[in-house]
């Protein structure tokens, strides 16, 4: 794409080479944009190129892919981090976009100049040399929670004679060998660390402030992936913010049906968990499936908790002593190693104060139009980094198609007033149904297909695969998979 009729191509800076960065670069390059991808690591993969030992995808491989690119048949059911990187490497080479990537390169500052042009200061990590480059457009694909581990400060922790690490620093099971390990947290990394510590260590105690629902492959007779990844299931959830008033009113009338639906699934899940009552989740399932804590838990983890190999306690850390962790209940637990599976802090320090002010960062995140565009900043978009769903690569591809349609004028650009109204509606809805958390603005989770449908409709894409009764049944009752949606995604505005 030329700039103002000139021969120079429209230059786009893409920050991050994970699934979002690869999708964005592939789509925009197909539309004629000159993309330059900055990645601090030495290969594609984003967070998957440098993660904790044994890190794997939380959903089956057929859900963690782009619509038109399948995984190798012999890939693990739950992809290991090296398999995700290999998948992205194949796509980069297949679509001949490797020339766009600059690895071992760190962006240290971003500033928007007059006319909307972006000036980036980038540092070559091999030579330690920095230089400035200018771009017509900036796309953030690196995630706002991926740079700085969140490390709670506990009273007395400086006295601890053992070792305290963040889960992201765990690189080998040997770190747990023969040790009494205390794991703090309830996310995927906490579950993984607890299982390994219980296998090779002397003991594993996991501390959680509250339990959240998580699914296994089957709950009773229900194959959960065939249930929760359908539009019918999403119709049972609180309405997506952009739903029509008529839909929302009908949804209220069906409240008794929805209540019975979720209480039935909860009962089946608790039967499957077989955990003591004090470890049951206190939140409603229909709320938790929209929370960032949602993940598919291994059946082995539940078995380890039931048989006592993992001592799961619903409590918090009150104090750390030389050889023990004092809990809020007053109990003391012996420890040689403490693993903080406590997530990540928001890091948006690359922007100067002027840009940060226009982003209007709030306590629960950055609120963007369609989770992509900041109303107060032109020539900037967020792909992947501000929209978390249960099938992220698929989401990233649809977002990239939407951005390409916008930049090529294949669909009208919304006014600032329209964007701000949409964001206001989103805030009111999401804050009403989702408890406060630092990711609330970006957490879409199982509302994912409603979100995808919104973006596709913006591009004037027919979201039904076929018409008639069978088309209606397929649309609402069939399981949604990226490959299954490829027919619809291919209808996005054609490449330039």
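In the numbering used here, the protein residues as written are 64 to 559. Beta carbons are placed, not taken as given, at the ideal position from N, Cα and C, and that holds for glycine.
Beta carbon of residue i nearer than 8 Å to that of residue j
i, j, result
"residue 552", "residue 130", "yes"
"residue 401", "residue 225", "yes"
"residue 215", "residue 405", "yes"
"residue 252", "residue 266", "no"
"residue 165", "residue 174", "no"
"residue 435", "residue 87", "no"
"residue 187", "residue 205", "no"
"residue 172", "residue 413", "yes"
"residue 301", "residue 78", "no"
"residue 217", "residue 350", "no"
"residue 541", "residue 278", "no"
"residue 185", "residue 96", "no"
"residue 234", "residue 116", "yes"
"residue 304", "residue 489", "yes"
Residue interval of the beta strand (DSSP E) (run including residue i)
i, result
"residue 101", "97-101"
"residue 382", "380-383"
"residue 181", "181-187"
"residue 195", "192-198"
"residue 374", "374-377"
"residue 243", "243-247"
"residue 417", "Premise fails: residue 417 lies in the alpha helix (DSSP H), 416-422, not in any beta strand (DSSP E)."
"residue 252", "No beta strand (DSSP E) holds residue 252; the alpha helix (DSSP H) holding it covers 251-263."
Rounded straight-line distance, which links the Cα of residue j to that of residue i
i, j, result
"residue 26", "residue 504", "Given that the chain is displayed from residue 64 to residue 559, the structure contains no residue 26 and the question cannot be resolved."
"residue 517", "residue 449", "16 Å"
"residue 180", "residue 200", "7 Å"
"residue 335", "residue 392", "28 Å"
"residue 75", "residue 239", "45 Å"
"residue 114", "residue 90", "27 Å"
"residue 348", "residue 246", "25 Å"
"residue 105", "residue 85", "14 Å"
"residue 282", "residue 80", "36 Å"
"residue 162", "residue 453", "30 Å"
"residue 470", "residue 268", "52 Å"
"residue 357", "residue 177", "42 Å"
"residue 364", "residue 170", "39 Å"
"residue 494", "residue 126", "28 Å"
"residue 522", "residue 531", "23 Å"
"residue 559", "residue 284", "Low per-residue confidence applies at residue 559: pLDDT is 48, beneath 50, and the placement is therefore not dependable, though the value from the model is reported in the following sentence. Whole-angstrom Cα-Cα distance: 48 Å."
"residue 111", "residue 98", "22 Å"
"residue 147", "residue 319", "42 Å"
"residue 213", "residue 408", "5 Å"
"residue 151", "residue 108", "7 Å"
"residue 124", "residue 134", "7 Å"
"residue 473", "residue 159", "25 Å"
"residue 68", "residue 480", "Only weak support is given to the placement of residue 68: the predicted model assigns it a pLDDT of 46, under 50, and the question is left unresolved by the model."
"residue 273", "residue 339", "14 Å"
"residue 202", "residue 513", "23 Å"
"residue 441", "residue 418", "11 Å"
"residue 555", "residue 537", "20 Å"
"residue 395", "residue 374", "13 Å"
"residue 329", "residue 280", "15 Å"
"residue 311", "residue 317", "10 Å"
"residue 416", "residue 526", "41 Å"
Nearest to residue i (by Cα), restricted to the options the options
i, options, result
"residue 354", "372, 249, 432 and 289", "249"
"residue 361", "545, 79, 119 and 205", "119"
"residue 263", "407, 236, 506 and 128", "236"
"residue 149", "162, 165, 163 and 132", "132"
"residue 378", "372, 323 and 389", "389"
"residue 458", "420, 506, 474 and 290", "506"
"residue 371", "257, 323, 312 and 415", "257"
"residue 477", "431, 502, 289 and 276", "431"
"residue 324", "136, 397, 313 and 298", "298"
8 Å contact criterion, which residue i and residue j should meet: CB distance rounded
i, j, result
"residue 367", "residue 261", "5 Å"
"residue 222", "residue 383", "7 Å"
"residue 614", "residue 270", "The requested residue 614 is not part of the displayed model; the chain covers only 64 to 559."
"residue 528", "residue 550", "5 Å"
Residue i CB to nearest heavy atom of the ligand SAH below 7 Å
i, result
"residue 157", "Among the components modelled here there is no ligand, and therefore nothing to report on the ligand SAH."
Endpoints, the alpha helix (DSSP H) within which residue i is located
i, result
"residue 484", "479-496"
"residue 540", "531-540"
"residue 549", "549-552"
"residue 336", "318-336"
"residue 527", "Here residue 527 belongs to no alpha helix (DSSP H), and DSSP marks it neither H nor E."
"residue 363", "362-369"
"residue 520", "511-521"
"residue 153", "144-157"
"residue 462", "455-470"
"residue 445", "Taken as a continuous stretch (DSSP letters only), residue 445 belongs to no alpha helix (DSSP H), being part of the beta strand (DSSP E) at 443-445."
"residue 288", "287-291"
"residue 92", "82-93"
"residue 348", "348-351"
"residue 297", "294-299"
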